[in-house]
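When you line the sequence shown up against the working numbering, it's residues 19 to 129, in that order. Cβ coordinates follow ideal geometry from the N, Cα and C atoms, glycine included. Notes to accompany the following structure.
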Amino acid sequence: MAGGVLGDPQSWQQVLALVLAATVVMGSPGPATISVTAVGAAFGLSPSLSYTAGVVLGTMAVLLAVAAGILGLLTSVPGVAPVLAILSAAYILYLAFKIATAPPLAERGST
């Protein structure tokens with residue numbers, strides 16, 4: 019590997035795609051969004067801005083660490099890519115099945 023992993027222009031396109039996907043994920047509803055909203059409601063705008071920055075930077079750090087690990091794995095063992103793709107697709111199908119077969123919220127009862 020004379021030029022390194024990111025010497026190939028296609029690798030930079032993949033990194034850009036990862037950054038764009040991470041940006042979309044950061045804007046989607048989830049525990050981070052709910053916690054930022056709760057901190058903002060409880061403590062006001064000014065304290066919640068530093069909390070929000072911490073959540074965003076922490077999430078980006080974790081996403082980049084995971085991406086670097088997967089990139090390292092795929093670079094050192096290219097044959098694992100199809101296995102990883104199949105496992106990922108199976109997990110997404112499992113989640114879709116669980117969502118599709120979940121009872122409505124009204125039937126779950128209130129706790």
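Asked                                                                    : Found
Distance CB(Ala85)-CB(Leu34) smaller than 7 Å                            : no
Coarse secondary structure for Ala120, derived from DSSP in three states : coil
Which of helix, strand or coil DSSP assigns to Val95                     : coil
Rounded separation between Trp30 and Ala124 - CA only                    : 47 Å
Spatial distance of Leu92 from Val54 (CA atoms)                          : 35 Å
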